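Right, one structure below, let's go through it.
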Amino acid sequence: MEKESRTRKRSKKLGINGLSTLEADILDIVWQHKKITVREVHETMLEEGYIPYTTVMAAMNNMSQKGLLKQNKDGKAYVYSASISRDNTAKAIVDSVVNRILGGVSTPLVSHLLKLKSNDDVEKLLELKKQLNK
Numbered sequence: 625m626e627k628e629s630r631t632r633k634r635s636k637k638l639g640i641n642g643l644s645t646l647e648a649d650i651l652d653i654v655w656q657h658k659k660i661t662v663r664e665v666h667e668t669m670l671e672e673g674y675i676p677y678t679t680v681m682a683a684m685n686n687m688s689q690k691g692l693l694k695q696n697k698d699g700k701a702y703v704y705s706a707s708i709s710r711d712n713t714a715k716a717i718v719d720s721v722v723n724r725i726l727g728g729v730s731t732p733l734v735s736h737l738l739k740l741k742s743n744d745d746v747e748k749l750l751e752l753k754k755q756l757n758k
């Protein structure tokens, strides 16, 4: 009897489940350096604690397949850069939360964010609201 192959369909969309903690950490490092190798990411992550090189390599390869990172061969090593900006990543995740979790209603999210932010952030949000109402 032949075993049925199960492969998970990879979504190109970032969403509530679209970015693991490891992927978020890697993206943060890539955004800081613009272009970086797996070894450089691994060395940076080692400063925070032990993580196997192969784990970082596999994660970055998967992130490239998901469209989160661009992968270019430079000699023997691959050099990675972000395919999506920090702002666009945040927007995609927030959009996913609003649409999938909150049923398209953003009021609970905005209310929660206002509780977390400083007075400067609240003033910026109020100014943004004024601009949106024009």
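First residue of the sequence shown: 625, per the working numbering; consecutive thereafter.
Think of the CB as a built atom: it goes at the ideal place given N, C-alpha and C, for glycine as much as any other residue.
Here the structure is a predicted model, which is why all the values come from computation and not from measurement.
For K694, the enclosing beta strand (DSSP E) covers residues L693 to D698.
When the alpha-carbon of M687 is set against those of I650, N712 and L738, the nearest one is in I650. The residue from S644, K694 and D711 with its alpha-carbon nearest to that of T679 is S644. The DSSP-derived three-state label of K658 is coil. Distance between I725 and I717, taken at the CA atoms: about 11 Å.
S705 is bridged by DSSP to K659 and K694. Excluding sequence positions up to five before and after T668, its CB lies within less than 7 Å of the CB of I653, all in the same chain and listed in chain order.
L693 and K700 have their C-alpha atoms roughly 18 Å apart. Y674 is not a Cβ neighbour of H666, given a cutoff of 8 Å. Counting C-beta atoms within 10 angstroms of its own C-beta, V734 has fewer than 16 neighbours from the protein chains shown and is therefore classed as exposed.
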